[in-house]
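Asker:
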Amino acid sequence: MEDTKLKDILNYEFLSDLSISDDGKKLFYKKTRPNYKENKYDTNIFIYDLKTSENYKATDDDKATIFTFNEDSNLIYKKSSTDEEDVFFVKEGSGVGRKSFSIKKDVQSIKFLKDNLYLIKASEKKTKEEKDRKKENSYFKEIDKLPFYLNGSGFIGEEKSSYYIYNIANGELRLITESTEENKLYFCDINKNLDKILFLKENSTSNKVMDLREDLILYDLKTNSEKTLIANEFSFFTAKFIEDEIIFVATDMKKGGINEDCFIYKANFDGAYEMISPSDFDMSFGNSIGTDSRFGGAKTFDASNNRLYFVVTHFENSVLYSMDLKGNLRKEIEDEVEDFAVNGDDIYYLSMGADTLAELKKKGCEKPLVENKVATNVCKIESFDFKSNNDTLKGYVVLPRDFDINKKYPTLLSVHGGPKTEFSDIFHHEHQMFANDGYIIIYTNPHGSSGRGVEFSDIRGKYGSIDYDDLMRFTDLAIEKYPQIDTNKMGVYGGSYGGFMTNWIIGHTNRFKAACSQRSISNWTSFYGVSDIGYYFANDQTAGDIWDNLEKMWDQSPIKYAKNVKTPTLFIHSDEDYRCPLEQGLQMYTRIKLNGVDTKMYLFHGENHELSRSGKPKGRIKRLEEIKAWFDKYLKDEH
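Numbering-wise, my numbering comes out as the position in the sequence shown, counting from 1, plus 1.
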């Protein structure tokens, strides 16, 4: 089998956005593949027929991203969008798609309700006059909100979208409610009678500053009225109907700050609520496992059979649990879960493994319904447990291909982002690329990571201390257990929080001979005012404040120690990264240059914080090429 090479990521197919028809006969999912030539991603919808086991491609235009199904379990998808209308096609079985209806709106999402009814989120089509006016005024921007931009979206304007119920039989488009920048609504669920909808409403102050707590809104379709059930108490994860009960997942952020794990609550239609998850429930909702080998959306919470189904990150795995309304938990799937769909007693899910990308599986079936095995060599991943700061952590070691116990190998310490995410042993292209080229890759999940409860993940005010100690202890133990690690040829790298930690490490030790800091944080005092999350994240995470506790914030800023850096360091940033903006990397770059140490930065135009995971293919390849060249220069060539 051939080595996993840098450009093999262009051959991967990513499965996502799994759903099941109401009659339980068909599964729908997206398959996405990088298109290097056109520098984009091609996405099509596939259907798995549960009766015949036939799996077939339902669209072929490479841009089918908005879809649902109808009462006959036939695919409904957005085929095209013009200045006047969005056109939707219906796909009957494996036949040729045909036009079903068109809507004179810019449709952002569509959900089948029943019979001929669909719930639609859409915005108005821009008129020629509006487009001309926008072009004419493109030389300036008015900023009066906080945050003033969002990573992946850009500067916040006056965009407005609305929710409608669309009747395909008569073409009626009934307006339900509007979502504006000052009154932003997020759809959660609609009840079985189709007369009540749950929304989350984002709050802003009178001075247009976004609050971190949302309102839970009950909208009555019969009276066209909304009622605030819970106001400004929680940061919500989601909300669902189960019969006549309202279930919501949320945190009050009182114990662990903005990264605190959520609990499950039950509410009535008057807004009274009670917590129903067990008192010792201490797991992280959603899949927090980091990888560069997934693409697309996923469902991590649903209601069916009078039970809640949800994905949680638990230790180094993402598993599926269910819970009844009395708080009784049941582990449904221990396999890694990316996405899922429930039909009666059957559960279908997407799952990644050490040598597979997301595959379509059914609970209880050993063989995947749709396989997606990596076609190149996957190097062995070993692990060991170790004690650090009074907790047991797990460390991982990716061994190079044809590993020889009598040889020495260059080694990279990889640090994940977050910090409240984690690494596991699922497939990670970047790690495998390096291992197949003769590197040992080591990584762990230090304090601050997800999957081990709120106390473990809460490192507010401790950045660069307990987490740094964990990483250095792990590195020492990895060297002890694997004498094949060449301690004279070690590198360190990471992105986001991993970039922060890379900056921190090179300011506190010279043990690494090369480093790569990506989309990083270097200075909490400036991050506070320039990041889309800075105005609340910086104070919360450092337990400091520029005006009242500057020293606390400054002490946790890597730039404070940058004068000590002697490690050759490559910086990777994107000019549209509004999460960890460019100036954070430039501060470190400037100081290291003045230190007389070799440093370089690659700035990617038109990319954001997600470059390594969902950036345009050419940017992703260039990024990998430069990171590899940098480490090869310092860890493989003679210095």
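For each residue, glycine too, the CB sits at the ideal point set by N, CA and C. Being a predicted model, the structure only gives us computed values, none of them experimental.
Among GLU39, THR600, GLU93, ASP293, which one has its Cα closest to the Cα of CYS517?
Answerer: Position 516 of the sequence shown, counted from the first residue, corresponds to residue 517. For CYS517, the closest alpha carbon among the candidates GLU39, THR600, GLU93, ASP293 is that of THR600.
Asker: For the candidate residues MET434, TYR350, GLY449, whose alpha-carbon lies nearest to that of SER389?
Answerer: Counting from one through the sequence shown, the residue named residue 389 turns up at place 388. Of MET434, TYR350, GLY449, the residue nearest in Cα terms is GLY449.
Asker: To the nearest angstrom, how far is the alpha carbon of LYS8 from that of ASN437?
Answerer: As a working note, residue 8 is residue 7 in the sequence shown. As a working note, residue 437 is residue 436 in the sequence shown. Rounded to whole angstroms, LYS8 to ASN437 spans 13 angstroms at the Cα level.
Asker: If we ignore side chains and look at the alpha-carbon of each, how far apart do ALA585 and SER527 end up?
Answerer: Counting from one through the sequence shown, the residue named residue 585 turns up at place 584. Counting from one through the sequence shown, the residue named residue 527 turns up at place 526. The sequence as given places Gln at residue 585; Ala does not occur at that position. Between GLN585 and SER527, the C-alpha separation is close to 8 angstroms.
Asker: Pairing CB atoms from the stretch 275-289 with CB atoms from the stretch 301-314, are three or more of them under 8 angstroms?
Answerer: The stretch 275-289 vs the stretch 301-314: in contact.
Asker: Suppose only complete runs of 3+ residues qualify. What are the beta strand (DSSP E) ranges in the stretch 594-639, listed by chain order?
Answerer: 600-605
Asker: Could you tell me which whole beta strand (DSSP E) segments of length 3 or greater appear in the stretch 453-502?
Answerer: Scanning the stretch 453-502 for uninterrupted beta strand (DSSP E) segments of 3 residues or longer gives 486-496, listed from N- to C-terminal end.
Asker: I'd like to know if the stretch 393-411 and the stretch 25-38 are in contact, where contact means that at least 3 CB-CB pairs between them fall below 8 angstroms.
Answerer: Touching, no, given that fewer than three Cβ pairs across the two stretches are closer than 8 angstroms.
Asker: Select from GLU182, THR178, GLU143, GLU611 the residue whose C-alpha is nearest the C-alpha of LEU199.
Answerer: In the sequence shown, residue 199 corresponds to position 198, counting from 1. Cα-wise, what sits closest to LEU199 is THR178.
Asker: CB ILE522 to CB LEU571, shorter than 8 angstroms?
Answerer: For the purposes of this step, residue 522 is taken as the residue at position 521 of the sequence shown. For the purposes of this step, residue 571 is taken as the residue at position 570 of the sequence shown. No, Cβ-Cβ distance for ILE522 and LEU571 is not below 8 angstroms.
Asker: Taking the C-alpha atoms as reference points, what is the distance between GLY272 and PHE302?
Answerer: Along the sequence shown, one-based indexing puts residue 272 at 271. Along the sequence shown, one-based indexing puts residue 302 at 301. Cα to Cα, GLY272 sits roughly 21 angstroms from PHE302.
Asker: Leaving out five residues on either side along the sequence, give the residues of the same chain with a beta carbon under 6 angstroms from the beta carbon of ASN192.
Answerer: For the purposes of this step, residue 192 is taken as the residue at position 191 of the sequence shown. These residues qualify, in order along the chain: PHE242.
Asker: Do SER323 and GLU333 come within 8 angstroms of each other at the CB atom, strictly closer than that value?
Answerer: Position 332 of the sequence shown, counted from the start, is the residue given in the question as residue 333. Position 322 of the sequence shown, counted from the start, is the residue given in the question as residue 323. Closer than 8 angstroms, so yes.
Asker: Would you please state the rounded distance, in angstroms, between the beta carbons of VAL88 and LYS100? I believe it to be under 8 angstroms.
Answerer: Start at 1 with the first residue of the sequence shown, and residue 88 comes out as number 87. Start at 1 with the first residue of the sequence shown, and residue 100 comes out as number 99. VAL88 to LYS100, Cβ: 6 angstroms. Contact.
Asker: Ignore the nearest five residues each way along the sequence and tell me which others in ASN204's own chain have a CB closer than 8 angstroms to its CB.
Answerer: Within the sequence shown, the letter at position 203 stands for residue 204. Cβ neighbours of ASN204 beyond the five flanking positions: MET211, ASP212, ARG214, GLU215, ASP216, ASN233.
Asker: GLY530: buried (16+ other C-beta within 10 angstroms of its C-beta) or exposed?
Answerer: Working through the sequence shown from its first residue, we reach residue 530 at position 529. Result: exposed.
Asker: Quick one: using the 10 Å Cβ neighbour count with 16 as the cut-off for buried, is MET276 buried or exposed?
Answerer: Counting from 1 along the sequence shown, the entry for residue 276 is found at position 275. The C-beta of MET276 has fewer than 16 other C-beta atoms within 10 Å across all chains shown, which makes the residue exposed.
Asker: Taking the Cβ atom as the reference point for each residue, do ASP578 and ASN609 lie within a distance shorter than 8 angstroms?
Answerer: Along the sequence shown, one-based indexing puts residue 578 at 577. Along the sequence shown, one-based indexing puts residue 609 at 608. Yes, the Cβ-Cβ distance between ASP578 and ASN609 is below 8 angstroms.
Asker: Count the C-beta pairs between the stretch 407-425 and the stretch 361-378 that are closer than 8 angstroms, then say yes if the count reaches three, no if not.
Answerer: no
Asker: Could you tell me which residues DSSP puts in a beta bridge with TYR350?
Answerer: As a working note, residue 350 is residue 349 in the sequence shown. Beta-bridge analysis with DSSP links TYR350 to PHE341, LYS362.
Asker: Given a cut-off of 8 angstroms, decide if PRO582 and TYR635 are closer than it, judged by their beta-carbon atoms.
Answerer: In the sequence shown, residue 635 corresponds to position 634, counting from 1. In the sequence shown, residue 582 corresponds to position 581, counting from 1. Cβ distance not < 8 angstroms, so TYR635 and PRO582 don't count as in contact.
Asker: Could you round the C-beta distance between LEU19 and ALA342 to whole angstroms and report it? I think they count as a contact, below 8 angstroms.
Answerer: In the sequence shown, counting from the first residue as 1, residue 19 sits at position 18. In the sequence shown, counting from the first residue as 1, residue 342 sits at position 341. Contact flag correct, Cβ pair sits at about 5 angstroms.
Asker: Go to GLU137, then tell me how far its alpha helix (DSSP H) extends in each direction, as first and last residue.
Answerer: On the sequence shown, position 136 is the one that residue 137 refers to. Residues 129-137.
Asker: Using the beta-carbon count (16 or more within 10 Å), is VAL97 buried or exposed?
Answerer: Here residue 97 refers to the residue found at position 96 when the sequence shown is read from its first residue. That one is exposed.
Asker: Exposed or buried, which one is ARG331 when buried takes at least 16 other CB atoms within 10 Å?
Answerer: Residue numbering aside, residue 331 sits at position 330 when the sequence shown is read from its first letter. With fewer than 16 other Cβ atoms within 10 Å, it is exposed.
Asker: For the stretch 538-586, which segments carrying the beta strand (DSSP E) assignment without a break, of at least 3 residues, lie completely within its bounds, in sequence order?
Answerer: 570-575
Asker: Per DSSP, ALA299 is paired with what?
Answerer: Here residue 299 corresponds to residue number 298 of the sequence shown, with the count starting at 1. Within the DSSP bridge table, the entry for ALA299 names no partner.
Asker: Any idea if LYS52 is buried or exposed, counting beta-carbon neighbours within 10 angstroms, 16 or more meaning buried?
Answerer: What you label residue 52 is simply residue 51 of the sequence shown in a count that begins at 1. It is exposed - the Cβ of LYS52 has fewer than 16 other Cβ atoms within 10 Å.
Asker: Buried or exposed for THR488, please, with buried defined as at least 16 other CB atoms from any protein chain shown within 10 angstroms of its CB.
Answerer: Indexing the sequence shown from 1 puts residue 488 at position 487. By the 10 Å Cβ count, THR488 comes out exposed.
Asker: How should TYR590 be labelled, buried or exposed, when 16 other C-beta atoms within 10 angstroms of its C-beta is the threshold for buried?
Answerer: Reading the sequence shown from its first residue, position 589 is the one you call residue 590. Buried.
Asker: When burial is assigned at 16 or more other CB atoms within 10 Å of the CB, is PHE141 buried or exposed?
Answerer: Along the sequence shown, read from residue 1 onward, the residue named residue 141 stands at position 140. So PHE141 counts as exposed.
Asker: If you compare alpha carbons, which of ASP61, GLU481, LEU358 is closest to SER17?
Answerer: Indexing the sequence shown from 1 puts residue 17 at position 16. Answer by Cα proximity: LEU358.
Asker: Could you check which residue in LEU151, GLU137, ASP133, PHE156 has the C-alpha nearest to that of GLU143?
Answerer: Residue mapping note: residue 143 aligns to position 142 of the sequence shown, counting from 1. Taking only the C-alpha atoms, the option nearest GLU143 is PHE156.
Asker: Return the chain-ordered list of same chain residues with a C-beta closer than 6 angstroms to the C-beta of LYS421, the five sequence neighbours on each side being excluded.
Answerer: Taking the first residue of the sequence shown as position 1, residue 421 is located at position 420. The beta carbon of LYS421 sits closer than 6 angstroms to the beta carbons of ASN260, SER451, SER458 from its chain, once the five residues preceding and following it are set aside; these are given in chain order.
Asker: Going along the chain, which residues of its own chain have a beta-carbon closer than 6 angstroms to the beta-carbon of PHE102, five neighbours each way excluded?
Answerer: If you number the sequence shown from 1, residue 102 lands on position 101. Here the set comprises PHE89, ILE169.
Asker: Counting only the same chain and skipping the five closest in sequence on each side, list residues whose C-beta sits under 6 angstroms from that of MET602.
Answerer: In the sequence shown, the residue the question calls residue 602 occupies position 601. Correct list, in chain order: PHE572, TYR590.
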